Amino acid sequence: MSLQSFLSVFRRGTLFPFSPSFVELERAKFQHIPQTSPAIMAFKQILSRALRSRPDQILSSPSAFSAARAFSSAPITATLFPGDGIGPEIAESVKQIFREAEVPIEWEEHYVGTEIDPRTQSFLTWESLESVRRNRVGLKGPMATPIGKGHRSLNLTLRKELNLYANVRPCYSLPGYKTRYDDVNLVTIRENTEGEYSGLEHQVVRGVVESLKIITRQASLRVAEYAFHYAKAHGRERVSAIHKANIMQKTDGLFLKCCREVAEKYPEITYEEVVIDNCCMMLVKNPALFDVLVMPNLYGDIISDLCAGLIGGLGLTPSCNIGEGGIALAEAVHGSAPDIAGKNLANPTALLLSGVSMLRHLELHDKADRIQKAVLETIAEGKYRTADLGGSSTTSDFTRAICDHL
31 MSLQSFLSVF RRGTLFPFSP SFVELERAKF QHIPQTSPAI MAFKQILSRA LRSRPDQILS
91 SPSAFSAARA FSSAPITATL FPGDGIGPEI AESVKQIFRE AEVPIEWEEH YVGTEIDPRT
151 QSFLTWESLE SVRRNRVGLK GPMATPIGKG HRSLNLTLRK ELNLYANVRP CYSLPGYKTR
211 YDDVNLVTIR ENTEGEYSGL EHQVVRGVVE SLKIITRQAS LRVAEYAFHY AKAHGRERVS
271 AIHKANIMQK TDGLFLKCCR EVAEKYPEIT YEEVVIDNCC MMLVKNPALF DVLVMPNLYG
331 DIISDLCAGL IGGLGLTPSC NIGEGGIALA EAVHGSAPDI AGKNLANPTA LLLSGVSMLR
391 HLELHDKADR IQKAVLETIA EGKYRTADLG GSSTTSDFTR AICDHL
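Residue 31 is where the sequence shown starts when you use our numbering, and the numbers rise one by one after that.
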């Protein structure tokens with residue numbers, strides 16, 4: 031696939047669509063403007079059409095964010111978690127490229143604390159979570175949870191406190207970067223709040239421990255609805271529910287029941303159910319068989335990393351967590367790589383492409399296209415690549431090359 035055709039396919043709509051509650055929040059911003067002004071009247075018309083629509087119709091209609099930006103030249107404030115290890119270096123790379131592309135973003139930076147915040151039971155401060163709630167959009171570098179008892183995982187804290195119920199990872203072959211496959215173009219959608227990651231473990235007796243897997247109808251319906259909405263909004267033709275219901279008949283059985291219930295509303299989308307072990311084999315043999323995959327938490331964690339390996343690794347994979355109320359937190363899903371931290375060797379691609387996903391969520395498609403095109407051209411050219419991509423360039427060299435392609 032050529033770079034131009036790739037970009038045209040990739041931009042078939044908003045990457046991470048908004049929820050109806052987001053529209054309500056945007057409307058509240060304009061309460062102080064005279065209600066008879068031409069701008070607010072036009073804005074009301076857009077809102078009334080959106081709020082009369084079903085959720086899946088809202089996904090494919092102009093977003094309230096676009097309308098809001100039409101009435102204001104003020105930059106958008108986004109929360110930035112630079113993260114740990116290589117995080118600050120690659121976050122600086124993203125900021126440099128965004129400045130070069132004249133992206134209208136103002137960053138509100140928050141770092142992991144040095145002590146546990148009792149309000150969050152983790153090293154994430156309450157103020158940092160409030161920043162995301164207030165801005166409703168953010169970008170997160172890699173975070174390393176300190177080893178020890180008495181605190182929660184940083185990533186788990188973010189998902190729980192912000193109710194980030196869906197993790198969305200587009201996984202696509204990069205034009206010009208050679209891997210075993212050149213036709214990968216799928217999306218994994220992972221339920222983010224329950225399953226085996228509910229954090230409910232205990233010791234029954236000495237030498238015996240139990241871990242509880244929680245599956246609820248509400249969470250399963252919510253992520254299934256999002257998966258089908260996403261597929262419809264992006265012209266995707268197939269949704270595959272990944273499960274192990276042949277063994278876990280109650281938990282995964284409930285998840286599948288919810289997926290079937292939602293699938294009935296979308297007769298134009300092919301729905302299938304695939305056992306997770308068979309799914310792994312099929313992905314390795316022929317990833318082109320899949321389009322959109324939706325799955326419970328643990329399976330999503332495993333499958334999404336497997337898919338990243340098909341296209342070159344986590345260093346090339348964008349990711350975004352979607353929450354209720356229109357919150358979107360894009361993130362790099364690779365580790366903090368403390369062994370190369372501070373050495374100017376890190377690859378910023380994953381965080382940068384996640385930032386591009388954030389721009390698409392904000393309907394800044396021109397900026398997103400421009401940056402994504404520059405990234406793909408730099409990688410395809412092959413002159414400047416970091417070590418994980420088979421090159422010897424520094425983070426600074428790679429960043430400058432992307433800026434030059436802008």
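Note that beta-carbon positions come from the ideal geometry of N, C-alpha and C, so glycine has one too. Just so we're clear, the structure is a prediction, and the values are computed from it rather than from any experiment.
Bridge partner(s) assigned by DSSP for residue i
i      : result
Ile272 : Val304
Ser241 : Glu231
Ala431 : Partner(s): none; Ala431 has no beta bridge.
Leu110 : Glu139, Leu169
Arg220 : Asn197, Met325
Ser9   : Nothing about residue 9 can be reported from this structure: the residues present for the chain run from 31 to 436 only.
Cys350 : Val198, Ala360
Ser183 : DSSP output for Ser183 lists no bridge partner at all.
Asn316 : Looking at the DSSP assignment, Asn316 forms no beta bridge with any residue, so it has no partner.
Asn215 : Tyr202
Gly225 : Ile244
Asp147 : Ser152
Through-space distance from residue j to residue i, alpha-carbon basis
i      : j      : result
Thr379 : Ala108 : 19 angstroms
Glu139 : Trp156 : 14 angstroms
Val405 : Pro134 : 19 angstroms
Ile26  : Asn374 : The structure shown does not extend to residue 26, since the chain spans only 31 to 436, so no value can be given for it.
Leu110 : Gly372 : 19 angstroms
Gln87  : Gly356 : Residue placement at Gln87 is flagged as unreliable, the pLDDT there being 30, under the threshold of 50; the coordinate-derived value follows with that caveat. Each residue's Cα considered, the two are about 16 angstroms apart.
Phe128 : Lys403 : 13 angstroms
Glu303 : Leu192 : 30 angstroms
Val217 : Gly237 : 40 angstroms
His395 : Leu389 : 7 angstroms
Ala337 : Asn316 : Per the sequence presented here, residue 337 reads as Cys, with Ala not at that position. If I take the Cα positions, the gap works out to 11 angstroms.
Thr246 : Arg252 : 10 angstroms
Thr281 : Ser241 : 14 angstroms
Glu56  : Leu159 : Its pLDDT being 43, under 50, Glu56 is placed unreliably by the model, and the measurement read from it follows with that caveat. Each residue's Cα considered, the two are about 20 angstroms apart.
Ile332 : Ile106 : 34 angstroms
Asp213 : Ala275 : 30 angstroms
Tyr414 : Glu393 : 30 angstroms
Arg290 : Ala263 : 19 angstroms
Thr429 : Leu419 : 14 angstroms
Ser161 : Ala398 : 23 angstroms
Gly117 : Val292 : 39 angstroms
Ser250 : Cys288 : 6 angstroms
Asn351 : Glu407 : 27 angstroms
Ala318 : Leu286 : 23 angstroms
Lys125 : Gly353 : 24 angstroms
Asn165 : Ser270 : 33 angstroms
Tyr296 : Gln151 : 41 angstroms
8 angstroms contact criterion, which residue i and residue j should meet: CB distance rounded
i      : j      : result
Ile306 : Ala261 : The pair is not a contact, with the Cβ atoms about 20 angstroms apart (cut-off 8 angstroms).
Tyr195 : Glu221 : 7 angstroms
Met325 : Ile272 : 4 angstroms
Thr223 : Arg189 : 6 angstroms
Arg266 : Asp321 : 5 angstroms
Leu204 : Gly412 : Going by Cβ atoms, the distance from Leu204 to Gly412 rounds to 12 angstroms, so no, they are not a contact pair.
Val142 : Leu186 : Val142 to Leu186, Cβ: 14 angstroms. No contact.
Arg400 : Leu436 : 6 angstroms
Residue span of the beta strand (DSSP E) that contains residue i, given as start and end
i      : result
Asn197 : 194-202
Leu169 : 167-170
Val322 : 322-325
Glu136 : 135-139
Residue range of the unbroken alpha helix (DSSP H) whose run includes residue i
i      : result
Val386 : 379-391
Ala360 : Ala360 -> not in any alpha helix (DSSP H); beta strand (DSSP E) instead, spanning 358-361.
Gln248 : 247-263
Thr285 : According to the sequence shown, residue 285 is Phe rather than Thr. Unbroken alpha helix (DSSP H) run through Phe285: 281-293.
Arg129 : 117-130
Pro408 : The sequence given here has Thr at residue 408, not Pro. 395-411 is the extent of the alpha helix (DSSP H) around Thr408.
Burial state of residue i, where buried means 16 or more other Cβ atoms lie within 10 Å
i      : result
Met173 : buried
Arg79  : Confidence at Arg79 is low in this model, with a pLDDT of 40, below 50, so its placement is unreliable and the value that follows should be read with caution. Label assigned to Arg79: exposed.
Gln248 : exposed
Val234 : exposed
Ser426 : exposed
Asn446 : As displayed, the chain neither begins before 31 nor continues past 436, which places residue 446 out of reach and without an answer.
Ile277 : exposed
Glu361 : buried
Ser349 : buried
Lys208 : exposed
Ser422 : exposed
Gly171 : buried
Glu145 : exposed
Pro148 : exposed
Val386 : buried
Leu230 : exposed
Ala131 : buried
Arg210 : exposed
Residue i beta carbon near the ligand GDP (any heavy atom closer than 8 angstroms)
i      : result
Gly115 : Ligands in the displayed structure: none, and consequently the ligand GDP is not present.
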